[in-house]
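In the numbering used here, the protein residues as written are 215 to 347.
Every residue, glycine too, gets a C-beta built ideally from N, C-alpha and C.
Owing to the predicted nature of the structure, the values given are computational and were not obtained by experimental measurement.
Remarks on the structure that follows.
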C-alpha cells in the first residue's frame with residue numbers, strides 16, 4: 215500500500231487529519247481482532263491459522279455471532295486504517311485483494327477442517343453467520 219501511494223501520488227485523497235482518522239479506525243480493527251483472539255483463548259482452542267485441525271471447539275458466541283472471522287475482519291479494518299493514513303485511493307483498492315486472498319487461501323481451507331471436525335453444527339453455524347460481517 216505504501217509503495218502504491220509513493221508510485222501514484224496523484225491518487226491522493228483530501229482527508230483532513232488522516233492520522234487521527236487512521237488511529238481511530240486502526241483501534242477498532244485491533245479491538246475486533248483482539249476480541250476474537252480472547253474468545254478463542256477462553257474456549258481453549260487454537261488461534262494458529264495454520265493448524266485449524268487442532269480446534270478444540272466451535273466458538274459461536276460473542277463476536278462470533280456476527281462474524282465467523284473477526285480476526286481477519288480486524289486485519290482488514292487495520293489495512294483500511296493504513297490506506298486512510300496514506301490518503302491514497304489506489305491503496306484502498308488493495309483491501310479487496312487481501313479479502314479475496316484470505317478467503318481463498320486461508321478461510322476456505324479452515325472451513326474444510328471445521329466441517330471435518332464439527333460436521334452439521336459447523337454447517338448450521340456457517341448458514342447463520344456470515345464470513346466477514
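Helix, strand or coil at residue i [DSSP, three-state]
| i | result |
| --- | --- |
| residue 270 | coil |
| residue 211 | The first residue shown for the chain is 215 and the last is 347, placing residue 211 beyond what the model contains. |
| residue 226 | strand |
| residue 243 | helix |
| residue 264 | coil |
| residue 277 | helix |
| residue 343 | coil |
| residue 293 | helix |
Same chain, Cβ closer than 8 Å to residue i, five either side skipped, listed in chain order
| i | result |
| --- | --- |
| residue 327 | 266, 267, 269 |
Classification of residue i by the beta-carbon crowding that lies within 10 angstroms, buried from 16 upward
| i | result |
| --- | --- |
| residue 301 | buried |
| residue 288 | buried |
| residue 296 | buried |
6 Å CB neighbourhood of residue i in its chain, flanking five on each side removed
| i | result |
| --- | --- |
| residue 316 | 286 |
| residue 253 | 273, 276 |
Inter-residue CB distance, residue i and residue j (contact presumed, cutoff 8 Å)
| i | j | result |
| --- | --- | --- |
| residue 281 | residue 346 | 6 Å |
| residue 180 | residue 218 | It is not possible to answer for residue 180, since the shown part of the chain is limited to 215 through 347. |
Within-8 Å CB hit, residue i to chain C
| i | result |
| --- | --- |
| residue 237 | Although the question refers to chain C, the structure presented lacks it and comprises just one protein chain. |
Chain-order list of residues whose beta-carbon lies under 7 Å from that of residue i (same chain, five-residue window excluded)
| i | result |
| --- | --- |
| residue 247 | 284, 285, 288, 289 |
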